[in-house]
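Working notes, structure below.
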Amino acid sequence: MARIDTQQFLKDLNDLRKIGAYKTGVHRPTYSPQDMESRHWLVEKLAACGLEASIDGIGNVYGRHKGPGPHLLVGSHIESQNQAGWLDGALGVVAGVALARAGLPVDVCAFADEEGHFEGGFLGSRSIIGELSEEEIDRSRSRNDGQPLREALAAAGLAGKPRMQLEPGRHKGFFEMHIEQGTNLESQGLRVGVVTGIVAIWQWLIRFEGQQDHAGGTTMAERKDAGLSAVRLLSAIDQEFPRVCGERSTWTTGRIVLEPGAPSIIPGSAEVLFQFRDVAVPVLERMEQTLRRLVQESNRREKCPATLTQKSRATPAICDPAMMAALEAAAQDLAPGAWTRMPSGAGHDAQYIAKRMPAAMLFTPSIGGISHHWAEDTKEEDLALCCEVLGSAAERFLSA
2 MARIDTQQFL KDLNDLRKIG AYKTGVHRPT YSPQDMESRH WLVEKLAACG
52 LEASIDGIGN VYGRHKGPGP HLLVGSHIES QNQAGWLDGA LGVVAGVALA
102 RAGLPVDVCA FADEEGHFEG GFLGSRSIIG ELSEEEIDRS RSRNDGQPLR
152 EALAAAGLAG KPRMQLEPGR HKGFFEMHIE QGTNLESQGL RVGVVTGIVA
202 IWQWLIRFEG QQDHAGGTTM AERKDAGLSA VRLLSAIDQE FPRVCGERST
252 WTTGRIVLEP GAPSIIPGSA EVLFQFRDVA VPVLERMEQT LRRLVQESNR
302 REKCPATLTQ KSRATPAICD PAMMAALEAA AQDLAPGAWT RMPSGAGHDA
352 QYIAKRMPAA MLFTPSIGGI SHHWAEDTKE EDLALCCEVL GSAAERFLSA
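Following this line, the structure appears as C-alpha coordinates:
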(Lines of atoms letter the chains of each structure in order from A and count residues from 1; the text may use other names and numbers.)
(Lines give C-alpha, C1' and ligand atoms only; values in the text may rest on other atoms or scores of the structure.)
Protein backbone atom coordinates (compact mmCIF):
# COMPACT_ATOMS: atom_id res chain seq x y z
CA MET A 1 0.00 0.00 0.00
CA ALA A 2 1.32 3.43 -0.96
CA ARG A 3 1.73 5.76 2.00
CA ILE A 4 0.43 9.29 1.53
CA ASP A 5 2.59 11.82 3.37
CA THR A 6 -0.28 13.99 4.59
CA GLN A 7 1.99 16.39 6.49
CA GLN A 8 3.96 17.19 3.34
CA PHE A 9 0.70 17.40 1.40
CA LEU A 10 -0.63 20.05 3.82
CA LYS A 11 2.69 21.90 3.75
CA ASP A 12 2.61 22.03 -0.04
CA LEU A 13 -0.93 23.43 0.05
CA ASN A 14 0.08 26.11 2.53
CA ASP A 15 3.24 26.96 0.60
CA LEU A 16 1.22 27.38 -2.59
CA ARG A 17 -1.26 29.74 -0.89
CA LYS A 18 1.61 32.16 -0.20
CA ILE A 19 1.89 32.85 -3.94
CA GLY A 20 -0.56 35.64 -4.69
CA ALA A 21 -1.77 35.70 -1.09
CA TYR A 22 -4.85 37.87 -0.51
CA LYS A 23 -6.18 38.05 3.07
CA THR A 24 -6.71 34.34 3.93
CA GLY A 25 -7.14 33.41 0.26
CA VAL A 26 -5.30 34.06 -3.00
CA HIS A 27 -5.46 36.27 -6.08
CA ARG A 28 -3.94 34.40 -9.03
CA PRO A 29 -5.84 35.27 -12.24
CA THR A 30 -4.80 33.25 -15.27
CA TYR A 31 -1.40 34.20 -16.79
CA SER A 32 -0.79 36.89 -14.17
CA PRO A 33 2.72 37.02 -12.68
CA GLN A 34 1.35 35.28 -9.57
CA ASP A 35 -0.24 32.54 -11.64
CA MET A 36 2.95 31.93 -13.61
CA GLU A 37 5.00 31.90 -10.39
CA SER A 38 2.70 29.16 -9.08
CA ARG A 39 3.12 27.16 -12.30
CA HIS A 40 6.90 27.29 -12.09
CA TRP A 41 6.65 26.32 -8.39
CA LEU A 42 4.60 23.31 -9.44
CA VAL A 43 7.14 22.28 -12.10
CA GLU A 44 9.79 22.10 -9.36
CA LYS A 45 7.49 20.05 -7.11
CA LEU A 46 6.70 17.58 -9.88
CA ALA A 47 10.37 17.18 -10.81
CA ALA A 48 11.22 16.53 -7.16
CA CYS A 49 8.71 13.64 -7.26
CA GLY A 50 10.56 12.11 -10.21
CA LEU A 51 8.16 13.24 -12.93
CA GLU A 52 9.14 14.82 -16.24
CA ALA A 53 7.65 18.29 -15.79
CA SER A 54 6.90 21.00 -18.34
CA ILE A 55 4.60 23.92 -19.20
CA ASP A 56 2.94 23.91 -22.61
CA GLY A 57 1.81 26.73 -24.91
CA ILE A 58 -1.58 27.26 -23.24
CA GLY A 59 -0.11 27.14 -19.71
CA ASN A 60 -0.88 23.54 -18.77
CA VAL A 61 1.66 22.19 -16.28
CA TYR A 62 2.20 18.48 -16.86
CA GLY A 63 4.22 15.96 -14.87
CA ARG A 64 4.75 12.67 -16.69
CA HIS A 65 5.50 9.47 -14.78
CA LYS A 66 8.66 7.82 -16.13
CA GLY A 67 7.85 4.23 -15.19
CA PRO A 68 5.58 1.55 -16.64
CA GLY A 69 1.79 1.68 -16.49
CA PRO A 70 -1.06 1.37 -16.21
CA HIS A 71 -1.15 5.11 -15.45
CA LEU A 72 -3.70 7.46 -13.98
CA LEU A 73 -4.09 11.16 -14.69
CA VAL A 74 -4.67 13.30 -11.57
CA GLY A 75 -5.11 17.05 -11.37
CA SER A 76 -7.19 20.21 -11.49
CA HIS A 77 -6.17 23.90 -11.80
CA ILE A 78 -4.10 26.38 -9.77
CA GLU A 79 -5.22 29.80 -11.01
CA SER A 80 -7.91 31.39 -8.85
CA GLN A 81 -10.92 33.58 -9.20
CA ASN A 82 -10.23 37.22 -8.34
CA GLN A 83 -9.54 37.68 -4.61
CA ALA A 84 -10.78 34.18 -3.94
CA GLY A 85 -10.01 30.96 -2.08
CA TRP A 86 -6.80 29.00 -1.58
CA LEU A 87 -8.23 25.50 -2.17
CA ASP A 88 -10.42 25.78 -5.28
CA GLY A 89 -8.45 23.81 -7.87
CA ALA A 90 -5.15 23.88 -6.01
CA LEU A 91 -6.36 21.04 -3.78
CA GLY A 92 -6.68 18.60 -6.69
CA VAL A 93 -3.27 19.46 -8.12
CA VAL A 94 -1.41 19.18 -4.82
CA ALA A 95 -3.24 15.89 -4.13
CA GLY A 96 -1.81 14.65 -7.42
CA VAL A 97 1.67 15.64 -6.23
CA ALA A 98 1.06 13.68 -3.02
CA LEU A 99 0.10 10.55 -4.98
CA ALA A 100 3.17 10.88 -7.17
CA ARG A 101 5.38 11.34 -4.11
CA ALA A 102 3.91 8.11 -2.69
CA GLY A 103 5.15 6.23 -5.74
CA LEU A 104 1.86 5.71 -7.54
CA PRO A 105 2.06 5.64 -11.37
CA VAL A 106 0.29 8.94 -11.94
CA ASP A 107 0.69 11.81 -14.35
CA VAL A 108 -0.21 15.14 -12.74
CA CYS A 109 -1.71 18.10 -14.61
CA ALA A 110 -2.67 21.67 -13.67
CA PHE A 111 -5.00 22.78 -16.46
CA ALA A 112 -4.99 26.44 -17.46
CA ASP A 113 -7.92 28.83 -16.97
CA GLU A 114 -10.58 26.54 -15.58
CA GLU A 115 -11.84 29.69 -13.86
CA GLY A 116 -12.66 31.34 -17.18
CA HIS A 117 -10.70 34.58 -16.91
CA PHE A 118 -10.59 34.43 -20.71
CA GLU A 119 -13.53 34.00 -23.07
CA GLY A 120 -14.27 30.35 -23.68
CA GLY A 121 -13.02 29.10 -20.33
CA PHE A 122 -11.50 25.70 -19.57
CA LEU A 123 -8.71 26.58 -22.00
CA GLY A 124 -6.27 23.99 -20.65
CA SER A 125 -8.53 20.97 -20.44
CA ARG A 126 -10.14 21.75 -23.81
CA SER A 127 -6.71 22.24 -25.37
CA ILE A 128 -5.30 18.98 -24.07
CA ILE A 129 -8.18 16.99 -25.61
CA GLY A 130 -7.90 18.84 -28.93
CA GLU A 131 -11.03 21.00 -28.63
CA LEU A 132 -9.39 24.45 -28.53
CA SER A 133 -8.62 25.86 -31.97
CA GLU A 134 -6.02 28.45 -32.89
CA GLU A 135 -8.89 30.59 -34.20
CA GLU A 136 -10.57 30.59 -30.79
CA ILE A 137 -7.28 31.58 -29.17
CA ASP A 138 -7.06 34.46 -31.67
CA ARG A 139 -10.59 35.64 -30.74
CA SER A 140 -10.43 35.21 -26.97
CA ARG A 141 -10.16 38.23 -24.69
CA SER A 142 -9.79 38.65 -20.94
CA ARG A 143 -13.10 39.03 -19.14
CA ASN A 144 -11.30 41.26 -16.62
CA ASP A 145 -9.66 43.90 -18.82
CA GLY A 146 -10.17 42.92 -22.48
CA GLN A 147 -6.55 41.88 -23.06
CA PRO A 148 -6.23 39.55 -26.08
CA LEU A 149 -5.32 36.00 -25.10
CA ARG A 150 -2.39 36.04 -27.54
CA GLU A 151 -0.93 39.05 -25.71
CA ALA A 152 -1.40 37.39 -22.32
CA LEU A 153 0.33 34.22 -23.50
CA ALA A 154 3.25 36.26 -24.85
CA ALA A 155 3.58 38.25 -21.62
CA ALA A 156 3.60 34.98 -19.66
CA GLY A 157 6.45 33.61 -21.79
CA LEU A 158 4.28 30.99 -23.50
CA ALA A 159 4.14 32.35 -27.07
CA GLY A 160 5.40 29.84 -29.63
CA LYS A 161 5.39 26.88 -27.25
CA PRO A 162 3.55 23.78 -28.54
CA ARG A 163 0.29 22.74 -26.91
CA MET A 164 0.39 19.17 -25.67
CA GLN A 165 -2.29 16.54 -26.31
CA LEU A 166 -3.24 13.54 -24.18
CA GLU A 167 -1.57 10.35 -25.36
CA PRO A 168 -4.29 7.92 -26.50
CA GLY A 169 -4.43 4.79 -24.38
CA ARG A 170 -1.91 5.96 -21.78
CA HIS A 171 -4.35 6.52 -18.90
CA LYS A 172 -6.77 4.12 -17.25
CA GLY A 173 -8.71 7.08 -15.83
CA PHE A 174 -8.70 10.59 -14.40
CA PHE A 175 -9.23 11.52 -10.75
CA GLU A 176 -9.94 15.08 -9.59
CA MET A 177 -10.16 15.99 -5.91
CA HIS A 178 -11.96 19.27 -5.14
CA ILE A 179 -13.70 21.21 -2.42
CA GLU A 180 -17.48 20.84 -2.51
CA GLN A 181 -18.24 24.59 -2.81
CA GLY A 182 -21.53 23.99 -1.03
CA THR A 183 -22.95 22.96 2.34
CA ASN A 184 -24.21 19.43 1.68
CA LEU A 185 -21.35 17.57 3.38
CA GLU A 186 -20.93 19.98 6.30
CA SER A 187 -24.67 20.16 7.04
CA GLN A 188 -24.82 16.36 7.34
CA GLY A 189 -21.65 16.03 9.39
CA LEU A 190 -19.94 14.13 6.56
CA ARG A 191 -16.28 14.27 5.54
CA VAL A 192 -16.11 12.75 2.04
CA GLY A 193 -18.25 13.15 -1.08
CA VAL A 194 -18.08 10.68 -3.98
CA VAL A 195 -19.26 12.62 -7.02
CA THR A 196 -21.83 10.92 -9.24
CA GLY A 197 -21.81 13.42 -12.09
CA ILE A 198 -20.89 16.96 -13.11
CA VAL A 199 -23.62 19.34 -14.13
CA ALA A 200 -23.95 20.89 -17.55
CA ILE A 201 -24.25 24.69 -17.70
CA TRP A 202 -26.54 26.15 -20.36
CA GLN A 203 -25.88 29.88 -20.86
CA TRP A 204 -28.23 32.40 -22.45
CA LEU A 205 -28.27 36.04 -23.54
CA ILE A 206 -31.68 37.73 -23.30
CA ARG A 207 -31.88 41.14 -24.96
CA PHE A 208 -34.78 43.59 -24.63
CA GLU A 209 -35.36 46.50 -27.01
CA GLY A 210 -37.26 49.49 -25.63
CA GLN A 211 -37.13 53.24 -26.16
CA GLN A 212 -34.61 55.50 -24.45
CA ASP A 213 -36.40 58.58 -23.17
CA HIS A 214 -36.60 61.25 -20.47
CA ALA A 215 -37.37 59.94 -16.97
CA GLY A 216 -39.50 62.98 -16.08
CA GLY A 217 -41.13 64.00 -19.33
CA THR A 218 -42.33 60.56 -20.45
CA THR A 219 -45.54 59.34 -18.81
CA MET A 220 -45.74 55.85 -17.41
CA ALA A 221 -48.31 54.88 -20.05
CA GLU A 222 -46.01 56.00 -22.87
CA ARG A 223 -42.87 54.28 -21.67
CA LYS A 224 -41.05 51.36 -23.26
CA ASP A 225 -38.76 50.55 -20.32
CA ALA A 226 -36.46 47.67 -21.24
CA GLY A 227 -35.28 47.34 -17.65
CA LEU A 228 -38.76 46.71 -16.28
CA SER A 229 -39.46 44.15 -19.01
CA ALA A 230 -36.28 42.32 -18.06
CA VAL A 231 -37.13 42.27 -14.37
CA ARG A 232 -40.65 41.00 -15.00
CA LEU A 233 -39.38 38.13 -17.18
CA LEU A 234 -36.80 37.13 -14.57
CA SER A 235 -39.49 37.13 -11.90
CA ALA A 236 -41.65 34.86 -14.07
CA ILE A 237 -38.70 32.48 -14.59
CA ASP A 238 -38.14 32.26 -10.85
CA GLN A 239 -41.82 31.41 -10.34
CA GLU A 240 -42.03 28.77 -13.08
CA PHE A 241 -38.69 26.96 -12.90
CA PRO A 242 -39.48 25.20 -9.58
CA ARG A 243 -42.29 23.38 -11.42
CA VAL A 244 -39.94 21.81 -14.00
CA CYS A 245 -36.49 21.66 -12.38
CA GLY A 246 -34.67 18.76 -10.73
CA GLU A 247 -33.82 18.33 -7.06
CA ARG A 248 -30.40 19.99 -7.46
CA SER A 249 -31.07 22.33 -10.40
CA THR A 250 -29.90 25.93 -10.12
CA TRP A 251 -30.49 29.07 -12.19
CA THR A 252 -28.66 32.38 -12.02
CA THR A 253 -28.89 35.85 -13.49
CA GLY A 254 -25.21 36.71 -13.61
CA ARG A 255 -25.41 40.13 -15.22
CA ILE A 256 -27.98 42.77 -16.14
CA VAL A 257 -26.81 45.70 -18.28
CA LEU A 258 -29.12 48.66 -18.88
CA GLU A 259 -28.35 51.18 -21.63
CA PRO A 260 -27.43 53.94 -21.25
CA GLY A 261 -27.45 53.26 -17.51
CA ALA A 262 -28.12 56.79 -16.24
CA PRO A 263 -30.47 57.70 -13.35
CA SER A 264 -32.67 60.09 -15.33
CA ILE A 265 -32.93 58.12 -18.58
CA ILE A 266 -35.43 55.35 -19.30
CA PRO A 267 -33.37 52.30 -20.39
CA GLY A 268 -33.62 51.85 -24.16
CA SER A 269 -32.22 48.33 -24.03
CA ALA A 270 -31.36 45.64 -21.51
CA GLU A 271 -29.08 42.62 -21.71
CA VAL A 272 -29.35 39.71 -19.31
CA LEU A 273 -26.84 36.88 -18.93
CA PHE A 274 -28.74 33.89 -17.58
CA GLN A 275 -27.76 30.28 -16.92
CA PHE A 276 -29.19 27.08 -15.51
CA ARG A 277 -27.51 23.85 -14.42
CA ASP A 278 -28.39 20.22 -13.89
CA VAL A 279 -26.80 16.81 -14.28
CA ALA A 280 -29.73 15.38 -16.30
CA VAL A 281 -30.33 16.36 -19.93
CA PRO A 282 -34.14 15.83 -19.75
CA VAL A 283 -34.29 18.33 -16.88
CA LEU A 284 -32.19 20.83 -18.80
CA GLU A 285 -34.47 20.41 -21.82
CA ARG A 286 -37.58 21.04 -19.69
CA MET A 287 -35.99 24.19 -18.31
CA GLU A 288 -35.13 25.36 -21.83
CA GLN A 289 -38.69 24.77 -23.03
CA THR A 290 -40.01 26.74 -20.08
CA LEU A 291 -37.58 29.59 -20.72
CA ARG A 292 -38.60 29.80 -24.39
CA ARG A 293 -42.29 29.76 -23.47
CA LEU A 294 -41.81 32.56 -20.94
CA VAL A 295 -39.96 34.69 -23.48
CA GLN A 296 -42.86 34.19 -25.92
CA GLU A 297 -45.36 35.21 -23.24
CA SER A 298 -43.24 38.26 -22.41
CA ASN A 299 -43.27 39.30 -26.05
CA ARG A 300 -47.07 39.07 -26.18
CA ARG A 301 -47.45 41.12 -23.02
CA GLU A 302 -44.62 43.64 -23.00
CA LYS A 303 -43.91 46.74 -25.09
CA CYS A 304 -40.20 45.77 -25.23
CA PRO A 305 -39.59 42.64 -27.36
CA ALA A 306 -37.05 40.11 -26.09
CA THR A 307 -34.70 37.93 -28.14
CA LEU A 308 -33.17 34.77 -26.71
CA THR A 309 -29.74 33.56 -27.81
CA GLN A 310 -27.97 30.48 -26.45
CA LYS A 311 -24.31 31.21 -25.66
CA SER A 312 -23.17 27.73 -24.60
CA ARG A 313 -24.65 24.27 -24.15
CA ALA A 314 -22.41 21.84 -22.26
CA THR A 315 -23.04 18.13 -21.78
CA PRO A 316 -23.26 16.63 -18.27
CA ALA A 317 -20.45 14.25 -17.37
CA ILE A 318 -21.45 11.08 -15.51
CA CYS A 319 -18.64 9.70 -13.35
CA ASP A 320 -17.23 6.28 -14.18
CA PRO A 321 -18.90 3.50 -12.12
CA ALA A 322 -15.68 1.51 -11.52
CA MET A 323 -13.81 4.60 -10.37
CA MET A 324 -16.72 5.60 -8.13
CA ALA A 325 -16.72 2.10 -6.63
CA ALA A 326 -13.01 2.44 -5.83
CA LEU A 327 -13.63 5.80 -4.15
CA GLU A 328 -16.58 4.39 -2.17
CA ALA A 329 -14.59 1.38 -0.95
CA ALA A 330 -11.72 3.62 0.13
CA ALA A 331 -14.09 6.04 1.84
CA GLN A 332 -15.82 3.23 3.71
CA ASP A 333 -12.45 1.91 4.93
CA LEU A 334 -11.06 5.28 6.00
CA ALA A 335 -14.24 7.21 6.91
CA PRO A 336 -16.94 4.61 7.66
CA GLY A 337 -20.38 6.22 7.79
CA ALA A 338 -18.94 9.68 7.06
CA TRP A 339 -19.25 9.74 3.28
CA THR A 340 -21.99 10.02 0.68
CA ARG A 341 -22.68 10.06 -3.05
CA MET A 342 -23.53 13.47 -4.48
CA PRO A 343 -23.61 15.40 -7.77
CA SER A 344 -21.34 18.35 -8.49
CA GLY A 345 -23.19 21.62 -8.90
CA ALA A 346 -20.13 23.31 -10.40
CA GLY A 347 -18.28 22.72 -13.64
CA HIS A 348 -14.80 21.16 -13.52
CA ASP A 349 -11.96 20.15 -15.82
CA ALA A 350 -13.05 16.54 -15.25
CA GLN A 351 -16.09 17.02 -17.50
CA TYR A 352 -13.79 17.66 -20.47
CA ILE A 353 -11.23 14.97 -19.63
CA ALA A 354 -14.18 12.55 -19.35
CA LYS A 355 -14.57 12.88 -23.13
CA ARG A 356 -11.29 10.98 -23.55
CA MET A 357 -11.13 8.58 -20.59
CA PRO A 358 -13.08 7.38 -17.53
CA ALA A 359 -13.21 10.11 -14.87
CA ALA A 360 -14.34 10.54 -11.27
CA MET A 361 -14.25 13.20 -8.58
CA LEU A 362 -13.91 13.34 -4.80
CA PHE A 363 -15.21 16.22 -2.66
CA THR A 364 -14.00 17.55 0.68
CA PRO A 365 -16.35 19.66 2.84
CA SER A 366 -16.36 23.44 2.49
CA ILE A 367 -16.68 25.36 5.76
CA GLY A 368 -19.90 27.35 5.50
CA GLY A 369 -20.13 26.34 1.85
CA ILE A 370 -17.98 29.37 0.98
CA SER A 371 -16.04 29.40 -2.30
CA HIS A 372 -14.97 31.98 -4.90
CA HIS A 373 -14.21 34.19 -1.87
CA TRP A 374 -11.06 34.65 0.16
CA ALA A 375 -12.77 33.16 3.26
CA GLU A 376 -13.00 29.72 1.56
CA ASP A 377 -11.61 27.01 3.87
CA THR A 378 -11.67 23.32 4.85
CA LYS A 379 -10.46 21.63 8.04
CA GLU A 380 -6.94 20.28 7.62
CA GLU A 381 -7.98 16.90 9.01
CA ASP A 382 -10.61 16.63 6.26
CA LEU A 383 -8.08 17.62 3.59
CA ALA A 384 -5.67 14.96 4.82
CA LEU A 385 -8.37 12.29 5.06
CA CYS A 386 -9.60 12.87 1.53
CA CYS A 387 -6.07 12.74 0.15
CA GLU A 388 -5.67 9.34 1.79
CA VAL A 389 -9.02 8.23 0.34
CA LEU A 390 -7.88 9.36 -3.10
CA GLY A 391 -4.61 7.45 -2.80
CA SER A 392 -6.35 4.29 -1.66
CA ALA A 393 -8.95 4.55 -4.45
CA ALA A 394 -6.22 5.07 -7.05
CA GLU A 395 -4.48 1.87 -5.92
CA ARG A 396 -7.74 -0.09 -5.95
CA PHE A 397 -8.66 1.09 -9.42
CA LEU A 398 -5.21 0.45 -10.85
CA SER A 399 -5.19 -3.10 -9.53
CA ALA A 400 -8.77 -3.94 -10.58
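Going by our numbering, the sequence shown opens with residue 2, and the numbers climb by one from there. Every residue gets a Cβ at the ideal spot worked out from N, C-alpha and C, and that includes glycine. Keep in mind the model is a prediction, meaning the values are calculated, not measured.
query: Secondary structure of K312, DSSP reduced to three states; result: strand
query: Whole-angstrom distance between R256 and L363, CA atom to CA atom; result: 31 Å
query: Residues sharing a beta bridge with F364, DSSP; result: H179, G194
query: Closest residue to A336 among R192, P268, K304, R357 (Cα-Cα distance); result: R192
query: Check whether P71 and L399 have beta carbons under 9 Å apart; result: yes
query: Between the CA atoms of T220 and W375 - distance to the nearest angstrom; result: 46 Å
query: S372 vs A85 beta-carbon contact at 9 Å; result: yes
query: Beta-carbon proximity list for V98, same chain, < 7 Å, skipping 5 on both sides; result: D13, K46, L47, C50, V109
query: Contact under 9 Å by Cβ, A341 with V195; result: Looking at the sequence itself, residue 341 is Thr, so the reference to Ala does not match. Contact: yes.
query: I207 and F275 closer than 9 Å at C-beta; result: yes
query: K304 versus G211, N61, E382, L17, residue with shortest Cα-Cα distance; result: G211
query: Beta-ladder partner(s) of L259, from DSSP; result: A271
query: Identity of the residue in E260, G247, G76 nearest C388 by Cα; result: G76
query: Neighbourhood of I5 by C-beta, 6 Å cutoff - its chain only, sequence neighbours within 5 removed; result: A99, A103, C388, E389, G392
query: Residues that Y23 bridges to, as DSSP identifies them; result: G26
query: Residue interval of the alpha helix (DSSP H) (run including V98); result: 91-102
query: Local Cβ density within 10 Å of N61, reported as buried at 16 or more and exposed below that; result: buried
query: Given 8 Å, three or more beta-carbon pairs between the region 175-184 and the region 344-358; result: yes
query: Residues bridged to C1 (per DSSP); result: Since the first residue of the chain shown is 2 and the last is 401, residue 1 is not available in this structure.
query: A401, buried or exposed, once every other Cβ within 10 Å from all chains shown has been counted against 16; result: exposed
query: Sub-9 Å separation of Q166 and K312 beta-carbons; result: no
query: Within 9 Å, strictly: CB atoms of F175 and L74; result: yes
query: S55: first and last residue of the uninterrupted alpha helix (DSSP H) it sits in; result: Note, S55: premise wrong, no alpha helix (DSSP H); beta strand (DSSP E) at 53-56.
query: Three-state secondary structure assigned by DSSP to I5; result: coil
query: Check whether I354 and V280 have beta carbons under 9 Å apart; result: no
query: Residues that T219 bridges to, as DSSP identifies them; result: Per DSSP, none; premise fails for T219.
query: Check whether G228 and S265 have beta carbons under 9 Å apart; result: no
query: For F123, three-class secondary structure by DSSP; result: coil
query: Sequence-distant residues of its chain with Cβ nearer than 8 Å to L133 (five each side left out); result: I59, G121, L124, R127, R164
query: Delimiting residues of the alpha helix (DSSP H) encompassing M37; result: 34-49
query: Range of the contiguous alpha helix (DSSP H) that encloses P322; result: 322-335
query: Under 9 Å between C-beta atoms of L328 and A361; result: yes
query: Nearest-angstrom Cα separation, counted from E241 out to R287; result: 11 Å
query: Close-in-space but distant-in-sequence residues of the same chain around D239 (CB under 8 Å, 5 per side omitted); result: W252
query: K225 in three-state terms, based on DSSP; result: coil
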